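Working notes for the structure below.
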Amino acid sequence: MKKTCALLLLSCFFAVTAFSASFLAKVDPEHKDWFLYEGQENFANMRTFSTSFGEFVEFDAYEESVDDLYYHEAMDYTEYVERNDFYFIDPIDEDPFESLDSVYTPEDELYSRQWALKNTGTNALDVDAEGRAGVDMNAEMAWGITRGDSRLKIAVIDTGVDYNHPDLVDNMWINEAEFHGEEGVDDDGNGFVDDIHGYDFVHNDGDPMDDHSHGTHCAGIIAATHDQTGIAGLMGDVQIVAIKFLGRRGGGSLADAVKSIDYAMKVGVHIMSNSWGGGGFNQALYDAIFAAKEKGILFVAAAGNSNNNNDKRPSYPATYDIENVISVGAMDSSGKRASFSSYGAKTVDIFAPGAKILSSVLGGKYKSYSGTSMATPYVSAALGLLLAMEMNTFESLMSFGEIKDRLIETSIMEPNLEGRARGGRVDTYRLLMDEREGL
Ligand SMILES: [Ca+2]
Ligand SMILES: [Ca+2]
Ligand SMILES: [Ca+2]
Ligand SMILES: [Ca+2]
25 MKKTCALLLL SCFFAVTAFS ASFLAKVDPE HKDWFLYEGQ ENFANMRTFS TSFGEFVEFD
85 AYEESVDDLY YHEAMDYTEY VERNDFYFID PIDEDPFESL DSVYTPEDEL YSRQWALKNT
145 GTNALDVDAE GRAGVDMNAE MAWGITRGDS RLKIAVIDTG VDYNHPDLVD NMWINEAEFH
205 GEEGVDDDGN GFVDDIHGYD FVHNDGDPMD DHSHGTHCAG IIAATHDQTG IAGLMGDVQI
265 VAIKFLGRRG GGSLADAVKS IDYAMKVGVH IMSNSWGGGG FNQALYDAIF AAKEKGILFV
325 AAAGNSNNNN DKRPSYPATY DIENVISVGA MDSSGKRASF SSYGAKTVDI FAPGAKILSS
385 VLGGKYKSYS GTSMATPYVS AALGLLLAME MNTFESLMSF GEIKDRLIET SIMEPNLEGR
445 ARGGRVDTYR LLMDEREGL
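Everything in the sequence shown is counted per our numbering, starting at 25 for the first residue and increasing by one.
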């Protein structure tokens with residue numbers, strides 16, 4: 025009865041009023057209907073969603089209704105109410121990449137341009153940058169140990185992924201039940217219709233096709249197939265789960281970020297790669313990442329591109345103090361902190377290549393982008409190789425503390441990175457071998 029009444033009023037509100045801000049409330053599941061009933065007077069466009077870590081209501085309200093929000097927060101049926109903040113990608117620049125070069129090992133045509141994997145000192149894409157040989161992910165040495173494992177799943181939570189890109193198509197996660205299932209039917213009963221490669225929380229459909237390129241670029245850094253064409257990912261074998269919550273202009277809401285993390289948990293990913301930031305401290309995002317931690321999932325996040333000291337001014341989600349969060353800064357081909365990269369002796373964990381990085385974009389093409397957005401998937405992939413190696417050698421999984429300590433303590437310090445993060449730059453081979461001398 026109440027529900028019908030609330031819905032009717034809702035549609036009226038939606039039609040006649042323009043509300044000034046969007047909010048997100050975590051509600052006691054048993055009293056969700058009460059929230060909807062009580063809220064109808066002041067709020068509009070109320071949408072509910074459930075996650076493994078609670079029930080949420082998204083709604084729009086006037087600034088002046090803030091008092092009412094706190095009134096609701098005080099009621100025993102609301103755990104908290106906060107701004108439905110905006111998160112976004114923050115790419116520094118992009119350059120079209122045209123010429124092809126000679127063939128290297130691996131045999132991918134553009135591999136010789138991937139200084140991040142193998143820095144020859146002269147293959148930096150930036151003509152002004154002085155590259156330094158060996159300042160890279162040390163990929164070839166690491167590949168002597170493992171190139172990944174096709175059982176390992178990494179979620180790229182971003183603008184979507186072009187799962188038809190020739191360099192990505194073989195390393196996309198496939199939800200078999202949906203792939204062989206019926207269109208318009210949730211064949212595997214996970215609550216999401218037709219989610220073959222992931223999900224799109226911007227348009228609420230099962231097709232997470234990228235409409236920007238940023239997510240496709242991040243996915244290529246992790247997982248571009250080792251073949252004769254294009255580039256090589258740091259992992260040769262892995263499954264990328266495409267989760268879209270950032271729109272075509274690169275922004276998305278707190279509520280959709282929370283839904284994305286919950287979905288990644290449902291799919292059972294091992295690592296979430298997050299090249300986005302913004303917002304403030306959001307309890308709902310904290311709760312989502314904490315729930316992922318409880319499931320044993322690593323959450324790798326970009327430190328940000330505002331040359332900011334994150335110790336002093338936190339940047340979320342990278343700065344959340346949760347064990348599974350790994351915060352990543354960007355370095356250039358000379359081993360220096362990229363001029364845009366945020367830093368923090370306590371709150372940034374590690375640096376990785378993030379300046380003039382060549383990877384896949386829409387239309388089967390390749391471009392170079394710069395940003396902590398690019399350094400982040402390199403770290404996700406290095407950790408993916410570590411987990412793949414562990415899958416094939418040990419029974420028991422390392423704890424987050426062990427993984428993070430190992431990542432930091434096996435990294436290589438560069439004078440210019442000193443005091444800018446807990447560690448230096450990632451060395452994938454040393455990470456796999458657990459070589460800790462130095463720093
Ligand atoms: Ca489904
Ligand atoms: Ca289906
Ligand atoms: Ca879509
Ligand atoms: Ca390739």
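Note that beta-carbon positions come from the ideal geometry of N, C-alpha and C, so glycine has one too.
Just so it is clear, the structure is predicted and the values come from calculations on it, not from any experiment.
DSSP state of residue i mapped onto helix, strand, coil
i	result
M437	coil
Q64	coil
S89	helix
I116	coil
R272	coil
D224	strand
T12	Given a span of 25 to 463 for the chain in the structure shown, any question on residue 12 remains unanswerable.
V105	strand
R454	helix
K56	helix
I350	strand
D182	strand
L431	helix
D125	Summary for D125: the model assigns pLDDT 33, below 50, so the residue's position carries little reliability; its value from the coordinates is reported in the next sentence. D125: coil per DSSP, three-state reduction.
M196	strand
H189	coil
S237	coil
K283	helix
R444	coil
F203	helix
A140	coil
A163	helix
Y135	helix
I245	helix
Residues sharing a beta bridge with residue i, DSSP
i	result
V291	Looking at the DSSP assignment, V291 forms no beta bridge with any residue, so it has no partner.
R71	E82
S263	According to the sequence shown, residue 263 is Gln rather than Ser. Note: Q263 sits in a beta bridge opposite K177.
D229	D224
K50	F80 and Y104
F110	S277
A45	A85
S297	V180 and V324
R449	F375 and I436
Cβ pair residue i, residue j closer than 8 Å
i	j	result
G444	Y344	Note on identity: in this sequence residue 444 is Arg, with Gly being the wrong assignment. Not closer than 8 Å, so no.
G408	G172	yes
G155	S358	yes
E82	A405	no
Y393	A376	no
Y86	F59	no
Y390	G254	yes
D114	G395	yes
I245	G230	no
W300	Y111	yes
S363	N331	yes
D212	A201	yes
E164	K142	yes
G302	D109	yes
Y192	A157	For clarity, residue 192 is Leu in the given sequence; the question names Tyr instead. Contact: no.
A379	A354	yes
S297	T400	yes
L386	L149	no
H189	S397	no
M413	T170	yes
S44	N66	no
K56	A308	no
K360	D335	no
F286	S76	The question names Phe, but residue 286 in the sequence shown is Asp. Yes; because the gap between Cβ atoms is below 8 Å, this pair is in contact.
E347	G425	yes
V282	F80	yes
Any chain C beta carbon closer than 8 Å to residue i
i	result
I245	No chain C appears in the structure shown, which is made up of a single protein chain.
* To do: Run through the segment 352-428 for me and flag every whole alpha helix (DSSP H) of 4 or more residues, listed as ranges in chain order.
  => 396-417
* Asked: Counting Cβ pairs closer than 8 Å, one from the segment 229-241 and one from the segment 180-193, do we hit at least three?
  -> yes
* Enumerated in chain order, which unbroken segments of the beta strand (DSSP E) with a length of 3 residues or greater are wholly contained in the segment 300-342? -> 322-326
* Touch check for the segment 301-314 and the segment 328-347: three-plus C-beta pairs under 8 Å? -> yes
* Asked: Between the segment 257-270 and the segment 287-296, do three or more beta carbon pairs fall short of 8 Å?
  -> yes
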